[in-house]
Amino acid sequence: MSFRGLNASSGMGVADHCKATYLELQRKKVHRYVIFKIDEKKKEVVVEKTGGPAESYDDFTASLPENDCRYAIYDFDFVTSENCQKSKIFFIACQSNPKSKPHVSMTTTAKPCPQKMELVNQNLSTKLLSPSVSRIRAKMLYATSKDRFRRELEGIHYEIQATDPTEMDLEVLRERAN
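For the sequence shown, counting from 1, position 99 maps to 99 in the working numbering; every step adds exactly one.
Now the structure itself:
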């Protein structure tokens, strides 16, 4: 199945590699995070960077550009009060500027304990980072392409739209995950 179809509203497609990399994070836990960008020449969303399973949230946030928009997926592992290991995948739409106040909107669903060997819809969430100092064209492209791109990544349950790093702070993820 090809994911290169164009988004009617923005004209942006989604590179096949984006879906494959997402599935590696979701099912195989090969990556801790994936950062996506829009390649304006190819008119599609492409993988910009991946982080290994041992990388931290600080490594992830340091990989995001300060003055440009990005989409990102972060696999957040935690232990519940019942001592059950869980994982939630956050889709983050980043439109961030270190000096602005962010906006976060999310929905939640829990992932089963690892003892259950059945494959169940994992809790996934997306982040969009769009710094206020980003070019207007870039912000518009990312905003109009976000829904189509997110639909290509089946199973996502959480979405964070961040215009400021505080909107995607690790504490925000912890609050949403519990």
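Every residue gets a Cβ at the ideal spot worked out from N, C-alpha and C, and that includes glycine.
Bear in mind the structure is a predicted one, so any value in this text is a computation, not a measurement.
DSSP three-state assignment for residue i, whether helix, strand or coil
i: Thr107; result: Any reading at Thr107 must be qualified, since the residue scores a pLDDT of 35, below 50, and its modelled position is unreliable; the value itself is stated next. Residue state, collapsed to three classes: coil.
i: Asn67; result: coil
i: Thr50; result: strand
i: Leu170; result: helix
Rounded separation between residue i and residue j - CA only
i: Leu153; j: Tyr57; result: 21 Å
i: Lys28; j: Arg137; result: 35 Å
i: Pro165; j: Asn67; result: 12 Å
i: Glu167; j: Ser81; result: 25 Å
i: Asp77; j: Ser87; result: 4 Å
i: Glu159; j: Ile89; result: 9 Å
i: Pro112; j: Val172; result: Here Pro112 scores only 39 on pLDDT, less than 50, and its place in the model should not be relied on; the value that follows carries that caveat. Approximately 21 Å between the Cα atoms of the pair.
i: Glu175; j: Phe149; result: 25 Å
i: Cys84; j: Lys41; result: 45 Å
i: Pro53; j: Thr163; result: 26 Å
i: Gln26; j: Pro65; result: 24 Å
i: Pro161; j: Ala143; result: Residue identity differs from the one stated: residue 161 is Gln in this sequence, not Pro. Each residue's Cα considered, the two are about 10 Å apart.
i: Val30; j: Glu55; result: 11 Å
i: Arg135; j: Asp147; result: 20 Å
Same chain, Cβ closer than 8 Å to residue i, neighbours up to 5 away in sequence not counted
i: Glu44; result: Arg4, Met12, Gly13, Val14, Ala15 and Ile38
i: Ser63; result: Tyr33, Ile35, Lys49 and Gly51
i: Leu141; result: Ser10, Met12, Ile38, Glu40 and Cys69
i: Thr61; result: Pro165 and Met168
i: Lys127; result: Its pLDDT being 47, under 50, Lys127 is placed unreliably in this model, and the value from its coordinates should be taken loosely. Same-chain partners within the cutoff: Tyr71, Ala72, Ile73, Tyr74, Phe90, Phe91, Ile92, Ala93, Cys94, Glu159, Ile160, Gln161, Ala162 and Met168.
i: His17; result: Val46 and Val47
i: Val79; result: Gln85 and Lys86
Close beta carbons around residue i, own chain, < 6 Å, minus the five adjacent residues each side
i: Asp169; result: none
i: Val46; result: Ala15 and Asp39
Which residues DSSP lists as bridging residue i, in chain order
i: Tyr74; result: Tyr33 and Phe90
i: Gln85; result: Val79
i: Lys28; result: Looking at the DSSP assignment, Lys28 forms no beta bridge with any residue, so it has no partner.
i: Ile38; result: Val45
i: Val14; result: Val45
Cut-off 7 Å between Cβ atoms - residues of its own chain near residue i, not counting five sequence neighbours on either side
i: Tyr22; result: Val34, Ile73 and Leu153
i: Asp59; result: Gly51
i: Glu24; result: Val30 and His31
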